[in-house]
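In my numbering, the protein residues as written are 85 to 241.
Structure follows, in structure tokens:
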């Protein structure tokens, strides 16, 4: 009942809603609640529209439930931080909470890996918050910690 397909510009609103909803459920207790409440699907939709207009950089795939619609997405492309030993990066992978733990994340992840390989990226990285409850997923698919950096989100380091 779940299909994975390339995202289109028409998906920007649905991607934005899934992005905000999954941040609110995944990062509850990890980020200030005021910040999570302030997230706006409308503002995120503008960001996703811009990403979808740049298919040479961003490759975005969505997971779509036949009856429910979009339930998750993955965004990948060239590595952005200057890690020379890694040419590709998964920028974001999010699923609505109800659809986590059902193999959909792995399918999205595998689709991103396949696309990065198609684009001649032989290695990749992704960033995960240290306290992210989904961190085990990345380890399960073969991820290894290679470094850390401090960032600030919603006023919290």
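Here a beta-carbon is modelled for each residue, glycine too, at the ideal position from N, C-alpha and C. Nothing here was measured: the structure is a model prediction, and the numbers come from that model.
Considering just the uninterrupted stretch of the alpha helix (DSSP H) at residue i, what are its terminal residues?
{"i": "residue 103", "result": "96-110"}
{"i": "residue 125", "result": "125-136"}
{"i": "residue 120", "result": "117-122"}
{"i": "residue 223", "result": "219-224"}
Is residue i near residue j, with beta carbons less than 7 Å apart?
{"i": "residue 160", "j": "residue 200", "result": "yes"}
{"i": "residue 120", "j": "residue 108", "result": "yes"}
{"i": "residue 129", "j": "residue 97", "result": "yes"}
{"i": "residue 164", "j": "residue 151", "result": "no"}
{"i": "residue 125", "j": "residue 240", "result": "no"}
{"i": "residue 99", "j": "residue 147", "result": "no"}
{"i": "residue 179", "j": "residue 105", "result": "no"}
{"i": "residue 171", "j": "residue 207", "result": "yes"}
Check residue i in the structure and name its three-state DSSP category.
{"i": "residue 172", "result": "strand"}
{"i": "residue 205", "result": "coil"}
{"i": "residue 200", "result": "helix"}
{"i": "residue 187", "result": "coil"}
{"i": "residue 192", "result": "helix"}
{"i": "residue 162", "result": "strand"}
{"i": "residue 240", "result": "strand"}
So, at 8 Å on beta carbons, what are the nonlocal neighbours of residue i in its own chain, with the 5 sequence-adjacent residues on each side left out?
{"i": "residue 177", "result": "156, 157, 158, 159, 189, 192, 193, 196, 210"}
{"i": "residue 149", "result": "85, 86, 155, 183"}
{"i": "residue 294", "result": "Here the chain covers residues 85 to 241 and nothing more, so residue 294 does not appear."}
{"i": "residue 214", "result": "232"}
{"i": "residue 110", "result": "178, 181, 216, 217, 218"}
{"i": "residue 226", "result": "none"}
What are the boundary residues of the beta strand (DSSP E) that includes residue i?
{"i": "residue 148", "result": "143-149"}
{"i": "residue 89", "result": "86-90"}
Quick test of your reading: residue i and residue j, contact by CB under 8 Å. State the CB separation rounded to the nearest angstrom.
{"i": "residue 94", "j": "residue 144", "result": "The Cβ separation is near 12 Å, so there is no contact."}
Can you give me the Cβ contacts of residue i inside the same chain, cut-off strictly under 7 Å, excluding the 5 residues immediately before and after it?
{"i": "residue 175", "result": "159, 160, 161"}
{"i": "residue 167", "result": "209"}
{"i": "residue 219", "result": "212"}
{"i": "residue 221", "result": "189"}
Can you confirm whether residue i, when its beta carbon is compared against all beta carbons of chain B, has any partner nearer than 7 Å?
{"i": "residue 94", "result": "Protein chain content of the structure displayed is limited to a single chain, and chain B is not contained in it."}
Excluding sequence positions up to five away, which residues of its chain have a Cβ less than 6 Å from the Cβ of residue i?
{"i": "residue 238", "result": "115, 116, 119"}
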